[in-house]
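Participant: Listed in order, the protein sequences are those of chains A and B. So my numbering is basically just the index in the first sequence, starting at one, shifted up by 20. So my numbering is basically just the index in the second sequence, starting at one, shifted up by 20. Every residue gets a Cβ at the ideal spot worked out from N, C-alpha and C, and that includes glycine. This one's a predicted model, so the numbers in the text were calculated from it and none came from an experiment.
Protein chains: 2
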Amino acid sequence: MAQSIERAINLIRRAAEHPLTLTEAAGVLGVHKSTALRILQTLEAARFVRKTGAGTYVFGSGLIELSDLALGSMDLRQFAAPQLRDLQRKTGHTVHLAQLTGDEIIYIDKVDSAAFDAVKLPSRIGRAVSIYASAVGKVILAYLPREERDRLLAHVEFERYTPTTFADRASLDAELTRVGERGWATDNGEHDAYVMCVAAPIRDSRGHVIAAVSITAIEVIATLGQLEQRLPMLLETAERISRELGYTPAES
Amino acid sequence: MAQSIERAINLIRRAAEHPLTLTEAAGVLGVHKSTALRILQTLEAARFVRKTGAGTYVFGSGLIELSDLALGSMDLRQFAAPQLRDLQRKTGHTVHLAQLTGDEIIYIDKVDSAAFDAVKLPSRIGRAVSIYASAVGKVILAYLPREERDRLLAHVEFERYTPTTFADRASLDAELTRVGERGWATDNGEHDAYVMCVAAPIRDSRGHVIAAVSITAIEVIATLGQLEQRLPMLLETAERISRELGYTPAES
DNA sequence: CGAGTACATTGCAGAAGGTGCAACGAGGAG
DNA sequence: CTCCTCGTTGCACCTTCTGCAATGTACTCG
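(1) Does the contact criterion of 3 or more C-beta pairs under 8 Å hold for the segment 171 to 186 of chain B versus the segment 148 to 160 of chain B?
(2) Pro-39/A versus chain B: which residues are under 8 Å apart at the beta carbon?
(3) Using only the alpha-carbon positions, how far apart do Ala-138/B and Phe-79/B sit?
(4) Where does Ser-225/B sit, in a helix, a strand or coil, going by DSSP?
(5) List the endpoints of the continuous alpha helix (DSSP H) containing Asp-193/A.
(6) Buried or exposed for Lys-53/B, please, with buried defined as at least 16 other CB atoms from any protein chain shown within 10 angstroms of its CB.
(7) Are the Cβ atoms of Val-229/B and Pro-221/B separated by less than 7 Å?
(8) Which residue or residues does DSSP assign as beta-bridge partners of Ser-234/A?
(9) What are the residues in the segment 43 to 74 of chain B lying within 8 Å of chain A by C-beta distance?
(10) What number of angstroms, rounded off, separates the C-alpha of Met-253/B from the C-alpha of Glu-168/A?
(11) Given a cut-off of 7 Å on the beta-carbon distance, is the pair Thr-62/A and Ala-118/B in contact?
(12) Mind listing which residues of the segment 232 to 263 of chain A have their C-beta closer than 7 Å to chain B's C-betas, in chain order?
(13) Count the other CB atoms, across all protein chains shown, that sit within 10 Å of the CB of Ser-225/B; report buried if there are 16 or more and exposed otherwise.
(14) Are the Cβ atoms of Ser-81/A and Arg-34/B separated by less than 7 Å?
(15) What did DSSP end up calling Ala-138/A once you bin it into helix, strand or coil?
(16) If we ignore side chains and look at the alpha-carbon of each, how far apart do Leu-86/A and Val-131/B end up?
(17) With DSSP collapsed to three states, give me the class of Arg-125/B.
(18) Is the Cβ of Thr-268/A closer than 7 Å to any Cβ of chain B?
(19) If you reduce the DSSP assignment to three classes, tell me which class Arg-70/A lands in.
(20) With 7 Å set as the bound, which would you pick, yes or no: does the beta-carbon of Met-216/B sit closer than that to a beta-carbon of chain A?
(21) Using 7 Å as the limit for Cβ to Cβ distance, is Gly-146/A near chain B?
(22) What number of angstroms, rounded off, separates the C-alpha of Gly-75/B from the C-alpha of Val-218/A?
(23) Which one of Arg-202/A, Phe-68/A, Ala-155/A has the shortest CA to CA distance from Phe-186/A?
(24) Using a beta-carbon distance below 7 Å, is Phe-99/A in contact with chain B?
(25) Roughly how many angstroms lie between the CA atoms of Gly-112/B and Gly-209/B, to the nearest whole one?
(26) For my contact list, Leu-120/A and Ala-231/A are in at a C-beta cut-off of 8 Å; report their separation, rounded to the angstrom.
(27) Tell me which same chain residues have a C-beta within less than 6 Å of the C-beta of Arg-260/B, skipping the five on either side of it?
(28) Are the C-beta atoms of Val-149/B and some chain A residue less than 7 Å apart?
(29) Bridge partners for Val-131/B per DSSP, in chain order?
(30) Glu-37/B: which of Gly-122/A, Ala-258/A, Gln-249/A, Gly-200/A sits nearest, CA to CA?
(31) Rank Arg-180/B, Ala-100/B, Pro-269/B by C-alpha distance to the C-alpha of Arg-105/A and give the top, closest one.
(32) Whose CA, out of Arg-58/B, Ile-25/B, Glu-201/B, lies closest to the CA of Arg-67/A?
(33) Using DSSP with H/G/I as helix, E/B as strand and the rest coil, what is Phe-79/A?
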């Protein structure tokens, strides 16, 4: 649509992979060197690329600062990272940290299972997660104020990914009530039939649920029941992270 | 220089901070909505931004994937992260992980000192480090094959940042020999007069030095001598990371 | 329930910005 | 010392981007 921008993006990608000379850049885009030069200079001004002493262009720190900015709450990530790692080691399963940002829930950290899983989980840091067909999504939704929950679900078009998906508002609300009562959520293959999860909420200093940790496994590795056996560790991890964020559990 | 690209970058920045509606986007840039729309659509195609159900634009996962790609060697980061954290906790000082990428040395991870330092270190993940006026730079240089060292230093213009800077090739080479012999490097305020560092090399499975860990403090907090007392921990951390990368120390 | 409002989206003509050319400059190799 | 390659600059042309106006769509309020 906007080809100069497309060209710029193309160059960013290349530069991130491998140092790029001006002539290479022009070659890749199939444009004149002067054109490539101007694009690179613009990107350099934004520190999206950086010019090395040798005259090659490489990715710049601007991009990383941006992702940091976007992933926001580096606090949360920083505090959570060692706990996630611990949890991964103790359970052996893949661990996710997801957070509500804007209108959606995205993964902000992930610790892969140490096992040489034949099957890689497709989740990626920065990706949005289904808000109603995931354990992290449901556990966050469950603790959101009524109006907030309504706002998030207002635009959602429910889709029945698998037989277990809660694919309408009524059954989802019932599930959320259940989740809210027991304090954790599961994902019984609700998005991908063979992927199981258990998730627990993370609270900030005001007690608001703002994120969630989960452990995930494909059914071949562990059934949902087996995952649920790890629940004490999961809940402890979530609580520990919450405490680091300044949360003090009310004595109820 | 290329204003459509500048505009695109501007929008990326905004979207990373806060969900953005089309009208806002147009307002920010001072252009017509249709213009803003086309830019956003282009960015969306590259997944630099993503459109939420509510119609707002937020940062997209493409950016994060890019930084991951650029920081490369996620292996190194992953393996190193917990060790760095440990080292930070034990020493109390800021810990850096730097790596040789292309022609330069960049920080690929950082664990800030837990202390409420009045002075923040200006280092940032993704930023390039001076190759000859930093502990990490020198320790990596010291173990590089002769030709590689020459290549990296060929384009360098030496600058005497402070009285302690090794500002010419001859004195730098002498220093590198010393570093190579004892197995670690210091930065005695060679770039910024009040910033002290001690760094140790990290090796990959072939035994090549590819990165370095360092502990850093401003002189008010700790003198170089005090940092050197932490040397055993630093060296142990470096070796542990090297082992995780598959390095097996030769019995010399 | 229906009109009104606010917002996103599309097509098109004009114009501004981007493009390629050619010439210059700098650095390295032989 | 000369040639060659690569990065950089100024400029005229033309492609591409822009803004307008009209259409479509979703939400609101009477």
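Facilitator: Taking the definition as stated:
(1) yes
(2) Gly-122, Asp-123
(3) With a pLDDT of 48 at Ala-138/B, under the threshold of 50, the modelled position of this residue cannot be trusted; read the value that follows with caution. Answer to the nearest angstrom: the Cα atoms are 32 Å apart.
(4) coil
(5) 189 to 202
(6) So Lys-53/B counts as exposed.
(7) A contact, by the Cβ cut-off of 7 Å.
(8) His-116/A, Ala-219/A
(9) Closer than 8 Å at the C-beta level to chain A, one finds these residues of the segment 43 to 74 of chain B: Arg-58, Ile-59, Gln-61, Thr-62, Leu-63, Ala-65, Ala-66, Phe-68, Arg-70, Thr-72, Gly-73, Ala-74.
(10) 48 Å
(11) no
(12) For the segment 232 to 263 of chain A, the set of positions with a beta-carbon nearer than 7 Å to some beta-carbon of chain B is empty.
(13) By the 10 Å Cβ count, Ser-225/B comes out exposed.
(14) no
(15) Per-residue confidence for Ala-138/A stands at a pLDDT of 47, beneath the threshold of 50, marking its modelled position as unreliable; no derived number is given.
(16) 18 Å
(17) Per the sequence presented here, residue 125/B reads as Ile, with Arg not at that position. Looking at Ile-125/B - three-state DSSP - the assignment turns out to be strand.
(18) Not flagged as an interface residue toward chain B: Thr-268/A, since no C-beta distance is shorter than 7 Å.
(19) Residue state, collapsed to three classes: strand.
(20) no
(21) yes
(22) 30 Å
(23) Among Arg-202/A, Phe-68/A, Ala-155/A, the Cα nearest to that of Phe-186/A belongs to Ala-155/A.
(24) Not one chain B Cβ lies under 7 Å of Phe-99/A.
(25) 19 Å
(26) 7 Å
(27) Answer for Arg-260/B: Gln-103, listed in chain order.
(28) no
(29) Val-115/B
(30) The shortest Cα separation from Glu-37/B among Gly-122/A, Ala-258/A, Gln-249/A, Gly-200/A belongs to Gly-122/A.
(31) Ala-100/B
(32) Ile-25/B
(33) Strand at Phe-79/A.
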